[in-house]
Amino acid sequence: MQIIDTKKFQSDLLGWYDNEKRDLPWRRERDPYRIWVSEIMLQQTKVDTVIPYYERFLTKFPTLDALAEADEEEVLKVWEGLGYYSRARNLHQAVKEVRDEYGGVVPSTEKEIATLKGVGPYTAGAVLSIAYDVPAPAVDGNVMRVLSRIFSIYDDIAKPASRKKFEAITRDLLPEERAGDYTQALMELGAVVCVLRSPACLLCPVAEHCSARKEGVQEFLPVKAKKKPPRSVQLAVGVVQDSSGRYLVEKRPDTGLLAGMWQFPHAEEGIEGLLETGREGWQSLTQIKHVFSHLVWEMDVYQTRHDIQSLTDRQALLTLDELKQKAFPVSHQKIIALLEE
DNA sequence: AAGACGTGGTT
DNA sequence: TAACCAAGTCT
């Protein structure tokens, strides 16, 4: 691995960041709670997507205590549509733990913050550096892309073992001062200059340090294994409306896919399994294909009118207005939109 | 280590 | 259009 002038690399990067950094909502404040929220939302999610959610979330839960006191249903409702819903549930749980175990102050050591639910190696380093200027490495996809090019590293960044290597390199490159700006500068560079396809090397403040650039291989880095295509699941979805016009909905299990979200009842076996009415009682409403990262729902949506005798503790009969207060996955929001017509 | 875990935007 | 991607974490 090539040797670079670390001090010059740091000052080149920080100087560029000072002039070029984007004006983002979470860069206007240093409240550790707000930094934390932004980092959780930004996991696997684009800045443009996060911004409106971030604003709404902090309007509703302006402080750590406000979030800690909220009901999980409220938290999920604000998160609705953002995806990876366990992030919201874990954040909520972790915030309650900070309130109860740390006097409401987000911990400022690597050991303590890493114990919080949903706070992995990246988020720990990001919050510590950005909120507290603690020189802790925060290695995300941007950082691995930038550093794989700076040092011409051909390790597969999809492998967990690679992250540790980049973490060690990042730690070595971290300045004592301005750790938060440095962390953000590295990610910012990856997000706006050292992008995956057609990186803007001519605009890059650290091009002179870059091995891949010297060798002309920047387009071939980083190396990342392809992922498998998602498997397909056939699903019958039943929209049941009783004689009072209410809809039968159910809350998904507390673990796994879309945990804690609401939905219209599903059956993988076919629509007959949903109700004792048999197949003839159902009227076809629509078909919806919904793609997740690891699976595809092929949904056949049916509708019927039927009075429900008894509800389980995770089921409810709700009007359209009531149902819209609950958090539904995007696939089911499409169904709700149809019912509103 | 590898798969589960969402969604919307790009190419 | 189908594939790929984005400031990862958990099991």
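Okay, so the first sequence: first residue is 1 according to the working numbering, each after it adds one. In this text, a Cβ means the ideal position worked out from N, Cα and C, and glycines have one as well.
Nearest residue (CA-CA) to residue i, options the options
i: Leu-174; options: Pro-135, Ala-212 and Val-146; result: Pro-135
i: Thr-255; options: Gln-315, Asn-19, Tyr-84 and His-209; result: Tyr-84
i: Asp-313; options: Arg-252, Arg-28 and His-332; result: Arg-252
i: Val-75; options: Gly-120, Met-41 and Thr-115; result: Met-41
i: Val-195; options: Arg-145, Glu-322, Trp-36 and Phe-61; result: Arg-145
i: Leu-274; options: Leu-257, His-306 and Gly-260; result: His-306
i: Thr-49; options: Trp-79, Lys-60 and Ala-70; result: Trp-79
i: Ile-3; options: Ile-130, Arg-28, Ser-152 and Thr-183; result: Ser-152
i: Ser-232; options: Ser-86, His-290 and Tyr-247; result: His-290
i: Trp-230; options: Ser-243, Trp-262 and Ser-293; result: Per the sequence presented here, residue 230 reads as Pro, with Trp not at that position. Nearest C-alpha to Pro-230: Ser-293.
i: Gly-118; options: Thr-109, Ser-108, Tyr-102 and Ala-94; result: Ala-94
i: Val-47; options: Lys-8, Arg-22 and Glu-69; result: Arg-22
i: Ser-244; options: Ser-11, Thr-319 and Gly-190; result: Thr-319
i: Lys-227; options: Leu-295, Glu-176 and Pro-121; result: Leu-295
i: Ile-308; options: Pro-265, Asp-242 and Phe-264; result: Asp-242
i: Ser-148; options: Met-1, Glu-298 and Glu-341; result: Met-1
i: Lys-111; options: His-332, Pro-121 and Gly-104; result: Pro-121
i: Arg-197; options: Val-223, Lys-214 and Gly-180; result: Val-223
i: Glu-97; options: Asp-65, Thr-109, Gly-81 and Ser-86; result: Asp-65
Integer-rounded CB distance, given that residue j should sit under 8 Å from residue i
i: Glu-268; j: Leu-317; result: Rounded, the Cβ-Cβ distance is 24 Å, inconsistent with contact.
i: Val-193; j: Ala-200; result: 5 Å
i: Glu-72; j: Gly-216; result: Between Gly-216 and Glu-72 the Cβ distance is about 52 Å, and since that is not below 8 Å, they are no contact.
i: His-92; j: Leu-67; result: 7 Å
i: Ala-88; j: Asn-142; result: Between Asn-142 and Ala-88 the Cβ distance is about 23 Å, and since that is not below 8 Å, they are no contact.
Residues near residue i by beta carbon distance below 8 Å, same chain, minus five either side
i: Thr-63; result: Tyr-33
i: Ile-271; result: Ala-236, Gly-238, Arg-279, Trp-282, Asp-300 and Tyr-302
i: Leu-323; result: Tyr-247, Val-249, Trp-262 and Ile-336
i: Arg-178; result: Leu-14 and Asp-133
Beta-carbon contacts of residue i that lie in its chain and below 6 Å, excluding the five residues immediately before and after
i: Gln-315; result: Glu-250
i: Pro-107; result: Ile-113
Neighbourhood of residue i by C-beta, 7 Å cutoff - its chain only, sequence neighbours within 5 removed
i: Pro-137; result: Gly-125, Glu-167, Thr-170, Arg-171 and Leu-174
i: Glu-39; result: Thr-123, Ala-126 and Val-127
i: Thr-286; result: Val-301 and Leu-338
Buried versus exposed, by CB contacts within 10 Å (16 or more), residue i
i: Phe-57; result: buried
i: Ala-207; result: buried
i: Lys-77; result: buried
i: His-209; result: buried
i: Tyr-132; result: buried
i: Glu-219; result: exposed
i: Glu-188; result: buried
i: Asp-5; result: exposed
i: Asn-19; result: exposed
i: Leu-311; result: exposed
Simplified DSSP assignment, three categories, for residue i
i: Gln-287; result: strand
i: Tyr-102; result: coil
i: Tyr-85; result: coil
i: Thr-255; result: coil
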